[in-house]
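**Q** A single structure is presented below for examination.
Written out as structure tokens, the structure reads:
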């Protein structure tokens, strides 16, 4: 899925976001969240603009974007399926579930289906250890995920 945004549009929109949020204490994370909310990802072209506006180095901004797994450097699919990869979920069949999901979608982690409907991402603990294995589809958390539920979730996402 390719999304093209004109360079001038990116710079103008990023500067507007920074202007709105720069007065916050520690504004970098809120700015990056807003950029991702508006664009669906954090475009590479945004990094030097944010760095310049906040008087940070490009390396500092890049380091934050690459450190936090929730920031994307490319657009996600229409739906994002996150599968817990923490120990409790793995001990309750999470590895087999991950393989089942990859097979059903025909993709690996950090990839998007060819039709652009689903992006699969690993996440490390959704806080549902007692209901393992857990998954999250578009922000809605599901516990005790089995083959039947994961098939339903994927069918829902592909509609």
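Residue numbers (the working numbering): 691 to 849.
Ideal Cβ positions, reconstructed from N, Cα and C, are used throughout, including at glycine.
Does residue 691 come out as helix, strand or coil in the three-state DSSP assignment?
**A** As a working mapping, residue 691 is identified with position 1 in the chain shown. Its pLDDT being 46, under 50, residue 691 is placed unreliably by the model, and the measurement read from it follows with that caveat. It is coil, neither helix nor strand.
**Q** Identify every residue that forms a DSSP beta bridge with residue 773.
**A** Residue 773 sits at position 83 when you count from the first residue of the chain shown. Residue 773 is bridged to 812 and 825.
**Q** Would you give the residue range spanned by the beta strand (DSSP E) that residue 832 belongs to?
**A** One-based indexing of the chain shown puts residue 832 at position 142. Taken as a continuous stretch (DSSP letters only), the beta strand (DSSP E) holding residue 832 covers 830-832.
**Q** Apart from the five residues just before and just after residue 734, which ones in its own chain have a Cβ nearer than 6 Å to its Cβ?
**A** Translated into positions along the chain shown, residue 734 becomes position 44. Answer for residue 734: no residue qualifies.
**Q** Under 8 Å between the Cβ atoms of residue 857 and residue 807?
**A** Only positions 691 to 849 of the chain appear in this structure, which leaves residue 857 out of reach.
**Q** Considering only DSSP beta bridges, list what residue 793 is partnered with.
**A** Translated into positions along the chain shown, residue 793 becomes position 103. BP columns for residue 793 are empty, so no partner.
**Q** Compare the beta carbon distance of residue 801 and residue 787 with 8 Å and say whether it is the shorter of the two.
**A** As a position in the chain shown, residue 801 is number 111, starting the count at 1. As a position in the chain shown, residue 787 is number 97, starting the count at 1. No, these two residues do not count as a Cβ contact at 8 Å.
**Q** Sort 829, 803, 798 and 791 by Cα distance to residue 839 and report the nearest one.
**A** Here residue 839 is taken as the residue at index 149 of the chain shown, counted from 1. Taking only the C-alpha atoms, the option nearest residue 839 is 791.
**Q** Tell me whether residue 801 sits in a helix, a strand or coil according to DSSP, three-state version.
**A** For the purposes of this step, residue 801 is identified with residue 111 of the chain shown, where counting begins at 1. DSSP places residue 801 in strand when its eight states are reduced to three.
**Q** Which residues in the same chain have their Cβ closer than 6 Å to the Cβ of residue 825, if we skip the five residues on either side of it in sequence?
**A** If you number the chain shown from 1, residue 825 lands on position 135. Answer for residue 825: 773, 832 and 835, listed in chain order.
**Q** Just to confirm before moving on: does the CB-CB distance between residue 708 and residue 750 stay below 8 Å?
**A** For the purposes of this step, residue 708 is taken as the residue at position 18 of the chain shown. For the purposes of this step, residue 750 is taken as the residue at position 60 of the chain shown. Cβ distance not < 8 Å, so residue 708 and residue 750 don't count as in contact.
**Q** Measure from the alpha carbon of residue 719 to the alpha carbon of each residue in 849, 703 and 758, then state which is nearest.
**A** Indexing the chain shown from 1 puts residue 719 at position 29. Residue 758 is the option with its Cα nearest to residue 719.
**Q** If you count every other CB in all the chains shown that lies within 10 Å of the CB of residue 817, and 16 or more means buried, which is it?
**A** Start at 1 with the first residue of the chain shown, and residue 817 comes out as number 127. Classification for residue 817: exposed.
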